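*Asks:* One structure coming up, written as structure tokens, with questions to follow.
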Amino acid sequence: MIKPTSIRKTKSTSSSSSSKKTFLSILLASSIASTSAADLQQISNRQNRHRDLSSKHVLGERDAAAVPGGFKIVGDSGVSAQMMFLGTETTVYILDKAENNSMLVTQADGLTRPAWGTTYDLGTNQATPMAVQSNTFCAAGLPIANGSWVVFGGNQPVTYEGAATKDVPNSNPYLDTDGGAAIRLLNPCDDGNCVWQEGGDALTMSGKRWYPSVETLGDGSLIVLGGDNNGGYVSTLAQNNPTYEYWPKQSSGAIHMDFLNYTVPVNLFPLTYLLPGGKLFMQAAYKTILYDMNTRTEIPLQDMPYAVRVYPASAATAMLALTPANNYTVSLLFCGGSNAPFEKSSDGGANFNVTAIPADDSCVRISPEDANPKYEDDDDMLEGRSMGNFIWLPDGTLWMGNGVNMGTAGYGDEKWSIGQSYGQQPLYQPAIYNPNAPKGSRWSRDGLGESTQERMYHSTAILLPDSSILISGSNPNKDVTFSQWSTSYEVEQWYPLWYNQERPAPTTKWPTSLTYGGDSWDLKYTPKNSTSDPSNAKVVVIRTGFSTHAINFGQRYLELETSYTKDSETGEVTLHVSQMPPNANIFQPGPAMIFLTVDGVASQGKLITIGSGQIEKQPILKASVLPASSTTSSKVESSSSDSKSSNSSSSSSSSSAQQNNAAKSSASAGLKLPSSITILLGLLTLGGSTLLL
Ligand SMILES: [Cu+2]
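Residue 445 in my numbering is what sits at position 220 of the sequence shown, and the numbering runs on without skipping anything.
Right, dumping it as structure tokens:
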């Protein structure tokens, strides 16, 4: 529950950094000594301007039809969306830093102060404030196996303009508490009755983590890595937290990781992915490693070419689709970022003219579990981009949006800042990356519109169940401002090109959960187009992730193995769909959306549970063998071949079924599960924090 607090009780709990002035406090302590009447008037004016802005939200535009490929402003986020995730099919949760948002929240103790959390209803496009007590400034989050979302880290308590309260006596207008070591837990709901839980030992980390990374493990628990004390533009050895820890908490506590030391100063939000074999892939500065959590050892891989991809260069990053065709092999994609001279930077600022540096336009791929993993050049983007955000669409393409063409993430009061922003030349037009297109033709923006909104530092994007993308945030500023570049509250949707086409509609119910291996299940639909080839139908599972700082933590896209039986008389297609591949590291336990795509057009997504719904070593079942694809006629007794099918193994009757089964069996055997996975899963224990789950 939210702990009651008051202005008198709330004070900085920071002990380790009393002698260190932070980036923001150095900048601001001189200008903000106390909250004067003039200050209050200024704040009141700002809040009124925000309300004016809110009221300008063009209700007519909200009612306009969705234009495929285009953007539409649909609502007001209430607090600026620095962090955003889909909690249920109709509810999005938004978190901001503690700042002077005009939306207010009344705490359990009756005190009212600016909100920095909302619940956003996708049906009404209304934001409702939620009480969050600790400062969520630059936190990271993910769901655990049972669908609860957990948000880690943040910053010290601040007052106006981001100044640390410890540097501004008798001032804590936001009533925020220290978020550095804070953990917040939410069980998403649609009735508005769920609350963020905070505080207590189980919901406090071993130390402060501003800008940590988080990744789900194969048992549905979480690992939290890196971050620093109170931060600044980049990390420093003095502020750095070169450790990781597990949640729910384990007796091992904070574990040192050398990688998080030698990648200073550019190792905040270290890019981290769990691999099918059980190791972590990690990338920060120009360094890349595999990390073995069992032996706590690092295996160095090739250095990252061309640019820094991690914050504040902030490349767009994605795990490519995990499919039967690629045998669920992980490949990672990095696009953009910056090759700025970050070695000159400190927690005090960039120390070079950051806004004059063009963002990088290169893309590279790596398959970290290859025998000899190497970064390979991919198609360059259509322009340089820092803070681009990759979002998986159910059709198997990646949307790239948000970000800037010059500079990086971050802000400060320097002569090269634009307003306060370290980025400039916002990019208003997205692009689509098709990972399966031939090299040289993967990027396109045919038919894509432009947004009217800047989506710069502290903007976000997530996929919604209707396959549109929800986009919000942008606030490269210490506190709410309506000067360039303005704090943004506009919530937009972007619509895929096929958004208004008739969607596939399964006539059978979706499963509510999927197991790792196990019996296949059937999904029936009748394509509108009678020439539709059922071998092009796909069932895909997407974890949309926790969006912040151009990263969607946890985002993965997996295509389930399918075969079909088509009734040539009625046109009805029965898809035989396998469960998840029998390895929980490929797509970790927890909530995810499932879609049927037919001829590249997706059904409405359904939020389901992957795995057992519990944090535990996941039951791994034998993968079932799917029936051979075939076309039958409900009028005729025996099955006949499907002359239209492009799948040769499905084009005749029982003998080809055997062939097909043999092929499926060898595909399953080809998953090559290393024995270390079993050992790893066996070693994961959960340190007695189940009281919260
Ligand atoms: Cu940030």
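C-beta: ideal position from N, C-alpha, C; glycine also.
Given the structure is predicted, the values throughout are model-derived calculations rather than measurements.
Under the rule that 16 or more other beta-carbon atoms within 10 Å means buried, what is Ile524, buried or exposed?
*Replies:* So Ile524 counts as exposed.
*Asks:* If you follow the beta strand (DSSP E) that Leu557 is in, where does it begin and where does it stop?
*Replies:* Start and end: 557–560.
*Asks:* Can you pull the DSSP bridge partners for Ser855?
*Replies:* Answer is Thr790.
*Asks:* Run through DSSP, which three-state label would Gly674 get?
*Replies:* Three-state DSSP puts Gly674 in coil, outside helix and strand.
*Asks:* Pull up the distance between the alpha-carbon of Val299 and that of Asp346, whole angstroms please.
*Replies:* Near 11 Å, if we compare the C-alpha coordinates of Asp346 and Val299.
*Asks:* Examine chain C for any beta-carbon lying closer than 8 Å to the beta-carbon of Gly742, and answer yes or no.
*Replies:* In summary, chain C is missing from the structure at hand, where a single protein chain is found.
*Asks:* Under 8 Å: do the stretch 613–625 and the stretch 597–604 share three or more Cβ pairs, one atom per stretch?
*Replies:* No, they do not touch.
*Asks:* If you draw a straight line from the alpha carbon of Ala510 to that of Asn578, how long is it in whole angstroms?
*Replies:* Their backbone Cα atoms lie some 19 Å apart in a straight line.
*Asks:* One question on the structure: do Ser570 and Ile582 come within less than 8 Å of each other, judged by their Cβ atoms?
*Replies:* No, the Cβ-Cβ distance between Ser570 and Ile582 is not below 8 Å.
*Asks:* Can you check which of these residues, Arg590, Gln645, Glu440, Thr756, is closest to Phe559 by C-alpha distance?
*Replies:* If we check each option's Cα against that of Phe559, Arg590 comes out closest.
*Asks:* Which one of Ser476, Ser477, Leu450, Pro473 has the shortest CA to CA distance from Asn486?
*Replies:* Closest by alpha carbon: Leu450.
*Asks:* Expressed to the nearest angstrom, what Euclidean distance is found between the alpha-carbon atoms of Asp210 and Glu568?
*Replies:* No answer is possible for residue 210: it lies beyond the span of the chain, which begins at 226 and ends at 918.
*Asks:* Grab me the residues of Val304's own chain with a C-beta within less than 7 Å of its C-beta, minus the 5 sequence neighbours each way, in chain order.
*Replies:* These residues qualify, in order along the chain: Ile319, Asp321, Asn326, Met328, Ala340, Trp341, Gly342, Thr343.
*Asks:* Along the chain, which unbroken stretches of the beta strand (DSSP E) at least 3 residues long are found entirely within the stretch 506–532?
*Replies:* Complete beta strand (DSSP E) runs here, min 3: 512–517, 522–526.
*Asks:* From Glu440 to Gly366, what does the alpha carbon distance come to, in whole angstroms?
*Replies:* Whole-angstrom Cα-Cα distance: 9 Å.
*Asks:* Over what stretch of residues does the alpha helix (DSSP H) that includes Tyr487 continue unbroken?
*Replies:* It spans 484–487 - the alpha helix (DSSP H) in which Tyr487 sits, taken as one unbroken run.
*Asks:* Can you round the beta-carbon distance between Asp177 and Ser592 to whole angstroms, since I take them to be within the 8 Å contact cut?
*Replies:* The shown model of the chain, from 226 to 918, leaves out residue 177, and the question about it has no answer.
*Asks:* Once the 5 residues before and after Thr313 are set aside, which same chain residues still bring their CB inside 8 Å of it?
*Replies:* Answer for Thr313: Pro413, Cys414, Asp415, Leu832, listed in chain order.
*Asks:* Rounded to the nearest angstrom, what separates Phe377 and Ser745 at their Cα positions?
*Replies:* Their backbone Cα atoms lie some 37 Å apart in a straight line.
*Asks:* Output needed for Ser803: all residues of its chain with C-beta closer than 8 Å, excluding positions within five of it in sequence on either side, in chain order.
*Replies:* For Ser803, where only same-chain residues beyond five positions count, the Cβ hits under 8 Å are Ser745, Leu785, Glu786, Thr787, Ala848, Ser849, Leu851.
*Asks:* Is the stretch 607–619 touching the stretch 533–543 in the sense that three or more CB pairs, one from each, lie closer than 8 Å?
*Replies:* Taking 8 Å as the limit for Cβ pairs, the verdict is that the stretch 607–619 does touch the stretch 533–543.
*Asks:* Below 8 Å on the Cβ atoms is my contact criterion, and I expect Leu496 with Met482 to pass it. Report the Cβ-Cβ distance as a whole number of Å.
*Replies:* Their Cβ separation, rounded to whole angstroms, is 14 Å, which puts Leu496 and Met482 out of contact at 8 Å.
*Asks:* Where DSSP assigns a beta bridge to Glu717, which residues make up the other side?
*Replies:* Partner(s): Ile298, Ile696.
*Asks:* For Tyr741, collect the residues of the same chain with a Cβ closer than 8 Å to its Cβ; drop the 5 residues on either side in sequence, then sort them by chain order.
*Replies:* So the qualifying residues of the chain are Gln804, Met805, Pro806, Pro807, Asn808, Ala809, Gly836, Gln843, Pro844, Ile845, Leu846.
*Asks:* Should Cys588 be counted as a contact of ligand 1 given a C-beta to heavy atom distance under 7 Å?
*Replies:* Incorrect: Cys588 has no Cβ contact closer than 7 Å to ligand 1.
*Asks:* According to DSSP, is Gly815 part of a helix, a strand, or is it coil?
*Replies:* Three-state result, Gly815: strand.
*Asks:* Along the beta strand (DSSP E) that carries Trp624, what are the first and last residues, could you check?
*Replies:* Element bounds for Trp624: 623–626.
*Asks:* Three or more beta-carbon pairs under 8 Å between the stretch 723–741 and the stretch 662–671, yes or no?
*Replies:* With the cut-off at 8 Å, the stretch 723–741 and the stretch 662–671 do not touch.
*Asks:* With H, G and I counted as helix, E and B as strand and the rest as coil, what does DSSP make of Val579?
*Replies:* Three-state DSSP puts Val579 in a helix.
*Asks:* Whole angstroms are fine: how far does the CA of Thr733 sit from the CA of Met430?
*Replies:* Each residue's Cα considered, the two are about 44 Å apart.
*Asks:* Closest by CA to Gln307, which one among Lys749, Gly838, Ala686?
*Replies:* Taking only the C-alpha atoms, the option nearest Gln307 is Ala686.
*Asks:* Roughly how many whole angstroms lie between the Cα atoms of Pro549 and Phe494?
*Replies:* Whole-angstrom Cα-Cα distance: 31 Å.
*Asks:* Please list, following the chain, all residues that have a C-beta closer than 6 Å to any non-hydrogen atom of ligand 1.
*Replies:* Answer in sequence order: Cys363, His683, His774.
*Asks:* Could you name the residues of the same chain whose beta carbon sits closer than 7 Å to that of Trp757, not counting the 5 residues immediately before and after it, in chain order?
*Replies:* According to the sequence as given, residue 757 is Ser; it is not Trp. Cβ within range, chain order: Val823, Asp824.
*Asks:* So who's on the other strand from Thr349, going by DSSP bridges?
*Replies:* Looking at the DSSP assignment, Thr349 forms no beta bridge with any residue, so it has no partner.
*Asks:* Leu800 to Gln422, Cα distance in whole Å?
*Replies:* The alpha-carbon atoms of Leu800 and Gln422 are separated by roughly 42 Å.
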